[in-house]
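S.K.:
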């Protein structure tokens, strides 16, 4: 099989810019020898480190990874915008790069003139541009503004015109760097239709994007780059799955650290009291305690006659976690401590979305559990068989309080978990459901 793109052991090294060792002139830099070779390791940054891959002619290939992982640098090496420090990149056929849309547009002249200048820069003749001009303007939806100076365009108009010119070059190899969000939803669909047309015509597409659903749906193969190194390549679903798992592992660590900082700040706040029976619940009714806990900022209040010492989210396997998939089984575990026996108590949990809207709240009192005795240390668990929330970040309130509501220990918005969902629905709750269609209504799953 013939490869349209081949990258072999590509490394790209950039110099870290600082005040030390700045070259005064280009002459001094050249006379000193290599701009990179003689620098110390801490004076350089490896944007790419030995990355190799090949893209067969007529296939659609994706590069995924975090911001700053080296994806765009790799695409620029393929486009010829920059050259690898070591290794090689070869491309068969005419290239059109949708990397920096509108690069080369002159703000003082009209869109019409810029179309011709940009088209010539991309390899078209003046006659070819003239033949395609009306189609370019119609695609960009700029019929009424094409003779206005580009400096009067909105950012969306500017990007649409750049996309329209680049896409009508009719290349053999199309490089796309996260530029599909260049307009409203209708224009985005038009861009995707154009990419689908390219695929049908046997063109080669190299795509850099954060839209993982698009990668699975559109691409034949994928490459995951992380910190400049190739981590996985091959089947898009397998590569995306490995990438998502790694992202979730990073999110776990970030959420754990964030919750720990929030609890430290809450414990250090003046409203906090030392554990022990010296402060009565009535004494917690101070100006420091909010009248409505659901409207309060994050914090911690209570007499601490009973103390919540630890809050843990557990997955279906019983392991601690902060990131779950929509519909997963989740357990919220509260570790408790009391120095003296307590007979008047209730446990409560509330789940809030990022906007502070209560998604669900309950406590043992409203569910008619009658307290009898709480002594020493213990644990309370709320098991949720299927946490059917839409994707997003959620905060949890946990509390142990008297049956009349006065708190022993109230944690307000100090514990965080995240729900991941490949379905981009909206709202808060995602109930189990299915669609049904009569014989006259035909739909098919998106490929």
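Numbering (the numbering used here), first residue to last: 14 to 460.
We put the beta carbon where it would ideally sit given N, CA and C, even for glycine.
As the structure is a computational prediction, the values presented were derived from the model and not from experiment.
(1) Compute the distance between the beta-carbons of residue 191 and residue 222, then report whether it is under 8 Å.
(2) Check whether the region 205-225 and the region 64-72 touch, using three or more Cβ-Cβ pairs below 8 Å as the test.
(3) How is residue 420 classed by DSSP in three states: helix, strand or coil?
(4) Tell me which same chain residues have a C-beta within less than 6 Å of the C-beta of residue 430, skipping the five on either side of it?
(5) In the DSSP assignment, find the beta strand (DSSP E) that holds residue 22 and state where it starts and stops.
(6) For residue 452 and residue 231, what's the separation of their Cα atoms in angstroms?
(7) Whose C-beta lies closer than 7 Å to the C-beta of residue 92 among residues of the same chain, with five residues either side of it excluded?
(8) So, under 8 Å CB-CB, residue 160 and residue 124 are touching, yes? Tell me the CB distance rounded to an integer number of Å.
(9) Near residue 434, what residues of its chain come up, given a Cβ to Cβ distance below 8 Å and the 5 sequence neighbours on each side ignored?
(10) Given residue 257, which residues of its chain have a CB within under 8 Å of its CB, disregarding the five upstream and five downstream residues?
(11) Using DSSP with H/G/I as helix, E/B as strand and the rest coil, what is residue 232?
(12) Does the Cβ-Cβ distance between residue 321 and residue 422 come in under 8 Å?
(13) Return the residue from the list 377, 156, 274 and 84 that minimises the CA-CA distance to residue 360.
(14) Let me make sure I understand the geometry here. Which of 121, 198 and 236 has the alpha-carbon closest to that of residue 83?
(15) How big is the Cα-Cα spacing for residue 18 and residue 104?
(16) From the DSSP secondary-structure annotation, give me the bridge partner or partners of residue 333.
(17) Have a look at the DSSP bridge pairing and note the partners of residue 405.
M.R.: Inspection of the coordinates gives the following:
(1) Yes; because the gap between Cβ atoms is below 8 Å, this pair is in contact.
(2) In the pairwise beta carbon analysis, the region 205-225 is classified as touching the region 64-72: at least three pairs are separated by under 8 Å.
(3) In this structure, residue 420 counts as strand in the three-state DSSP scheme.
(4) Excluding residues up to 5 positions away in sequence, 326, 335 and 407 lie with their Cβ nearer than 6 Å to the Cβ of residue 430 in the same chain.
(5) Annotation for residue 22: the continuous beta strand (DSSP E) segment containing it runs 16-28.
(6) About 29 Å.
(7) Only residues of its own chain outside the window of five on either side were considered, and among them 108, 110, 112 and 188 have a CB closer than 7 Å to the CB of residue 92, listed in chain order.
(8) The pair is a contact, with the Cβ atoms about 7 Å apart (cut-off 8 Å).
(9) Hits under 8 Å: 338, 339, 403, 404 and 443.
(10) So the list reads 225 and 433, once near-sequence residues are dropped.
(11) In the structure shown, the three-state DSSP call for residue 232 is coil.
(12) Closer than 8 Å, so yes.
(13) Cα-wise, what sits closest to residue 360 is 377.
(14) Measuring from the Cα of residue 83, the nearest candidate turns out to be 236.
(15) Roughly 5 Å between the two C-alpha positions.
(16) In DSSP, residue 333 forms a bridge with 327.
(17) Looking at the DSSP assignment, residue 405 forms a beta bridge with 432.
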